[in-house]
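J.:
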Ligand SMILES: C[S@@+](CC[C@H](N)C(=O)[O-])C[C@H]1O[C@@H](n2cnc3c(N)ncnc32)[C@H](O)[C@@H]1O
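Residue numbers (my numbering): 7 to 275.
(1) Please name the residue in 21, 35, 33 and 193 whose C-alpha comes closest to that of residue 105.
(2) Using the Cα positions of residue 158 and residue 265, report the straight-line distance between them to the nearest angstrom.
(3) Kindly indicate the opening and closing residues of the beta strand (DSSP E) around residue 10.
(4) Using the Cβ count rule (16 or more neighbours within 10 Å means buried), how would you classify residue 38?
(5) Could you give the residue range of the alpha helix (DSSP H) that holds residue 129?
(6) Flag this pair as yes or no: are the beta carbons of residue 69 and residue 14 separated by less than 8 Å?
(7) Could you give the DSSP three-state label for residue 6: helix, strand or coil?
(8) Evaluate residue 261 with the Cβ neighbour count: other Cβ atoms within 10 Å of its Cβ, from every protein chain shown; 16 or more gives buried, anything less gives exposed.
(9) Can you tell me whether residue 47 is helix, strand or coil according to DSSP?
(10) Which residue's Cα is closest to the Cα of residue 201: 126, 122, 252 and 141?
(11) Can you name the start and end residues of the beta strand (DSSP E) that residue 273 belongs to?
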């Protein structure tokens, strides 16, 4: 990694990638980091404080990267988005992301969001709920949406285990992959993840220097498809990854959550 450069990490999380970038670009590389989740932001800020003025952190969604970089009057040499949810959010945030916990059905990455998973399950119309499950590629989406609408008349959904019970009742199984896809579909809706990605794909090439690069790591096909077609159809971008980069078997062994990761890289023309 070259020095004296400007890097952007749009999804800082607990700061793993940010730290690696700051180390590799030492002593002069500058990193602009964005993290939406309040708790992750605080932890990352502490972890990265040793880099002093080389790190500029924003507790904001990555949809504000263009606006912030414009304010600072800089263009980026490289931008990274590592989409979705972190182990910290899943296991330690208490916000109802995991079907293995019993927590309130919240699923907001940031408290700046009004919508929660509980609101979706209890107050979306049948049609809206069906769309959430269809978009999330949930099996038998329409019938499951109908089932939820019936079930909530008897008792509103409160906790993650209420949803797990409903899944078991409807599908007669509680396979982890099925629960994961249903929880993911609600998380995507609460946080408007696909819309955020669309904004980023449209705006981020504008703040790259010529030959600057953008790398996006996605964890499900809905996101990967958006990235693939946006890069392909973007006259500002030369695609550097004809096929997405995927983790090696060895990396998957070390980090099983990486198994579905796909990275695509584009270069500013
Ligand atoms: C897969 S984790 C990233 C982990 C990070 N690369 C690391 O090394 O620790 C994704 C992170 O992106 C954050 N995130 C998701 N959507 C975001 C958005 N629109 N803007 C900013 N951060 C977002 C999540 O809160 C989460 O911490």
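Beta carbons: idealized from backbone N, C-alpha and C, even for Gly.
T.: In terms of the structure at hand:
(1) The shortest CA-to-CA distance from residue 105 to any of 21, 35, 33 and 193 is the one to 193.
(2) About 35 Å.
(3) Per DSSP, residue 10 belongs to no beta strand (DSSP E) and is neither H nor E.
(4) Per the 10 Å Cβ criterion, buried.
(5) Membership of residue 129 in the alpha helix (DSSP H) is indicated by the continuous run 123 to 129.
(6) For residue 69 and residue 14, no; Cβs fall outside 8 Å.
(7) Because residue 6 is not part of the residues shown, which for the chain are 7 to 275, the question remains open.
(8) Burial call: exposed.
(9) In the structure shown, residue 47 falls within a helical segment according to DSSP collapsed to helix, strand and coil.
(10) Just measuring C-alpha positions, the residue of 126, 122, 252 and 141 sitting nearest residue 201 is 141.
(11) Annotation for residue 273: the continuous beta strand (DSSP E) segment containing it runs 268 to 274.
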